[in-house]
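I have placed the structure first, in the form of structure tokens, so that the comments after it can refer back to it.
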Amino acid sequence: MSRMFGTDGVRGIANSELTSDLAYSLGKAGAHVLTEGAHKPKILVGMDTRISGHMLESALVAGILSVGAEAVCLGVIPTPAIAYLTRKYKADAGVMISASHNPVEYNGIKFFNSQGYKLSDELEDRIQSIIENNFEGVPCPIGEDIGRKVIAEGALEEYIEFAKSTIDIDLKGMKVALDCANGAAYEVAVETFKQLGAKVSVINNDPDGININKNCGSTHPEELMEYVVKKGCDLGLAFDGDADRCLAVDEKGNLINGDFIMGICGKYMKEKNKLHKNTVVVTVMSNMGLFIAMDKENINLIKTKVGDRYVLEEMLKEDYKIGGEQSGHIIFLDYNTTGDGLITGLQISSIIKNTGNKLSQLASIVKELPQVLVNAKIPNHKKDIYKTDSEIIEEIKKIEEKMAGRGRVLIRPSGTEPLVRVMLEGEDQMEIDNLAHSLAKLIEKKTK
Numbered sequence: 000m001s002r003m004f005g006t007d008g009v010r011g012i013a014n015s016e017l018t019s020d021l022a023y024s025l026g027k028a029g030a031h032v033l034t035e036g037a038h039k040p041k042i043l044v045g046m047d048t049r050i051s052g053h054m055l056e057s058a059l060v061a062g063i064l065s066v067g068a069e070a071v072c073l074g075v076i077p078t079p080a081i082a083y084l085t086r087k088y089k090a091d092a093g094v095m096i097s098a099s100h101n102p103v104e105y106n107g108i109k110f111f112n113s114q115g116y117k118l119s120d121e122l123e124d125r126i127q128s129i130i131e132n133n134f135e136g137v138p139c140p141i142g143e144d145i146g147r148k149v150i151a152e153g154a155l156e157e158y159i160e161f162a163k164s165t166i167d168i169d170l171k172g173m174k175v176a177l178d179c180a181n182g183a184a185y186e187v188a189v190e191t192f193k194q195l196g197a198k199v200s201v202i203n204n205d206p207d208g209i210n211i212n213k214n215c216g217s218t219h220p221e222e223l224m225e226y227v228v229k230k231g232c233d234l235g236l237a238f239d240g241d242a243d244r245c246l247a248v249d250e251k252g253n254l255i256n257g258d259f260i261m262g263i264c265g266k267y268m269k270e271k272n273k274l275h276k277n278t279v280v281v282t283v284m285s286n287m288g289l290f291i292a293m294d295k296e297n298i299n300l301i302k303t304k305v306g307d308r309y310v311l312e313e314m315l316k317e318d319y320k321i322g323g324e325q326s327g328h329i330i331f332l333d334y335n336t337t338g339d340g341l342i343t344g345l346q347i348s349s350i351i352k353n354t355g356n357k358l359s360q361l362a363s364i365v366k367e368l369p370q371v372l373v374n375a376k377i378p379n380h381k382k383d384i385y386k387t388d389s390e391i392i393e394e395i396k397k398i399e400e401k402m403a404g405r406g407r408v409l410i411r412p413s414g415t416e417p418l419v420r421v422m423l424e425g426e427d428q429m430e431i432d433n434l435a436h437s438l439a440k441l442i443e444k445k446t447k
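Residue numbers (numbering that gives the first Met the number 0): 0 to 447.
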């Protein structure tokens, strides 16, 4: 069997790829692996607003109970709330049922360990191995030893109180627009900003099970960009389906992506002596403009592979305090163990209030460089040719010398399709467009 877990748990089309049978198996195997040695194991379960969530929750919980663990069901709640509450409740593990920013037909199951961290590859492989070996050696308790399902009361309120505690100022006098993506943020985001005194305008917070992420939220912020200007707001915040991502919109209606947010927060944290080793962790997809801006601020950037799990791994090595992705998946390690859209939104809002600057002024430190992405179609077995062919290597070197530190070349093989993605950044849009297409053609030619 191929690897069941992707970069963010097990994900697929609900009731087709991610079936109730698979959810039951994941609940059973996951509970066994994550609670070994626990006296009476306790596992938190949350979900986003997708219609398939209840079906998968029922199956997953059945699997958890079948090995004698207690399932504490929190209902609709953001992914980062699961990470936080797993620690607060001293649970043995947490599970989130969500496909994040994906369309409604998808769903996913991701596990957190007792410390609120996503699982290592080794633990995920153990869970898969138990399923493949038909649960050999996994106990099957009976009678009073079967697990019990508990419906938790007050979990949302506890997460709201925690989120509010991450900033040192109220938001009175601020006008904030929220796009909740008809997802897991639809209650907590609105309530948190209201309790902090902000005047809140909100769109896409009426989930019906099928409208999650539909032309809204962080993947489609266009409506919010217009809405912020129309309502005269200080800023807008767009969450994704499970609220672990957040993008911002300035008062002029401009999108402020994760690179800008990390730049703003990194600079502010440095000024407050809260930026450990003056370092921010980003992925290779962060725009070169962020690197240039942070260099001017004497802030170091460390690059990782794409994926928040790789960002977190790097942060934990040296206790770096902030890291994330262009997509708005940003980790503030002083507060939570995973990307947290609500905390990200609160940090940006508090910086606006504390500095008295408009978001457009704060974001002006980063000048985003033009970017071009071209796909080169090549056979799967030749996806590493850009590392081995001398002519391609020489061409990449020539382009980078031409950029002279004001641009770059990035080549990423697709994980699912027979192609590599050729990405160029630079100051001249037409120049990088020509260079990217020329390089892609060379790569294709060398594989024929």
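All C-beta atoms, glycine included, are put in the ideal place defined by N, C-alpha and C.
Note that this is a predicted model, so its numbers are computed, not measured.
Enclosing beta strand (DSSP E) for residue i [first to last residue]
i, result
"THR282", "278-282"
"THR303", "299-303"
"LEU170", "Premise fails: LEU170 is in no beta strand (DSSP E) and is neither H nor E."
"VAL94", "92-96"
"GLY322", "321-323"
"GLN114", "It is not in any beta strand (DSSP E) - GLN114 carries neither H nor E in the DSSP assignment."
"ARG407", "407-412"
"GLU424", "418-424"
"ILE291", "Per DSSP, ILE291 belongs to no beta strand (DSSP E); it is in the alpha helix (DSSP H), 287-295."
"VAL149", "148-150"
In DSSP terms, what residue i is bridged to
i, result
"VAL60", "In DSSP, VAL60 forms no bridge with anything."
"TYR105", "ILE12"
"THR6", "GLY8"
"VAL175", "VAL199, LEU234"
"PHE161", "Paired residues: none, contrary to the question."
"ILE449", "What is shown of the chain runs 0 to 447, which leaves residue 449 out entirely."
"ALA247", "LEU236, ILE255"
"CYS72", "VAL44, ILE150"
Residue nearest to residue i in terms of C-alpha spacing, selected from the options
i, options, result
"ALA90", "THR165, GLN114, SER97, LEU73", "GLN114"
"LYS266", "ASP178, VAL248, THR191, SER363", "SER363"
"ALA193", "VAL71, LEU170, SER1, ASP243", "According to the sequence shown, residue 193 is Lys rather than Ala. The option with the nearest alpha carbon to LYS193 is LEU170."
"ILE330", "ILE202, SER389, GLY257, GLY404", "GLY257"
"LYS148", "GLU222, THR191, ALA70, VAL201", "ALA70"
"GLY5", "GLY93, HIS53, THR48, LYS109", "LYS109"
"GLY425", "LEU441, ARG405, ILE442", "ARG405"
"ALA435", "GLU394, GLY182, PRO412, THR446", "GLU394"
"GLY240", "ASN272, TYR185, MET287", "TYR185"
"ASP12", "ASP207, GLN346, ILE50", "Checking the sequence, you will find Ile at residue 12 rather than Asp. Among ASP207, GLN346, ILE50, the Cα nearest to that of ILE12 belongs to ILE50."
"VAL94", "GLU104, PRO140, ILE63", "ILE63"
"LYS117", "VAL310, ALA292, ILE347, LYS87", "VAL310"
"SER164", "SER349, THR78, GLY338", "SER349"
"GLY327", "ASP388, ASP294, ASP339, ALA183", "ASP339"
"GLU443", "GLU390, PHE134, GLU135", "GLU390"
"HIS219", "CYS179, MET3, GLY172", "CYS179"
"VAL201", "LYS381, ASN181, PRO79, GLU250", "ASN181"
"GLY153", "LYS381, VAL75, ALA68, VAL137", "VAL75"
"VAL9", "ILE96, MET261, ALA68", "ILE96"
Span separating the alpha-carbon of residue i from that of residue j
i, j, result
"VAL66", "LEU17", "21 Å"
"HIS38", "GLY45", "23 Å"
"GLU296", "PHE290", "10 Å"
"ASN106", "LYS397", "44 Å"
"HIS31", "ASN353", "47 Å"
"GLY36", "GLU143", "19 Å"
"PRO369", "ILE301", "21 Å"
"ASN214", "SER99", "14 Å"
"ARG244", "ALA439", "32 Å"
"THR282", "ILE129", "33 Å"
"VAL227", "LEU341", "18 Å"
"ILE263", "LEU254", "14 Å"
"LYS230", "LEU177", "12 Å"
"ILE168", "TYR334", "16 Å"
"ASP233", "LYS174", "5 Å"
"LEU155", "ALA237", "19 Å"
"MET284", "VAL305", "7 Å"
"ASN356", "VAL189", "23 Å"
"LYS479", "ILE392", "Nothing about residue 479 can be reported from this structure: the residues present for the chain run from 0 to 447 only."
"SER359", "GLY136", "59 Å"
Start and end residues, alpha helix (DSSP H) containing residue i
i, result
"VAL310", "307-317"
"GLY26", "19-33"
"CYS264", "257-270"
"GLU123", "120-131"
"LYS41", "Per DSSP, LYS41 belongs to no alpha helix (DSSP H); it is in the beta strand (DSSP E), 41-46."
"VAL66", "Where VAL66 is concerned, there is no enclosing alpha helix (DSSP H), given that its DSSP letter is neither H nor E."
"GLN428", "428-445"
"ASN374", "Per DSSP, ASN374 belongs to no alpha helix (DSSP H); it is in the beta strand (DSSP E), 370-376."
"GLY344", "340-354"
"ARG86", "78-87"
Under 8 Å, with one C-beta from each stretch per pair, do the segment 114-126 and the segment 39-58 reach the 3-pair mark? no
Does the structure place the segment 366-379 close enough to the segment 413-423 that three or more beta carbon pairs sit under 8 Å? yes
Sufficient close CB pairs (3 or more, under 8 Å) joining the segment 397-411 to the segment 419-433: yes
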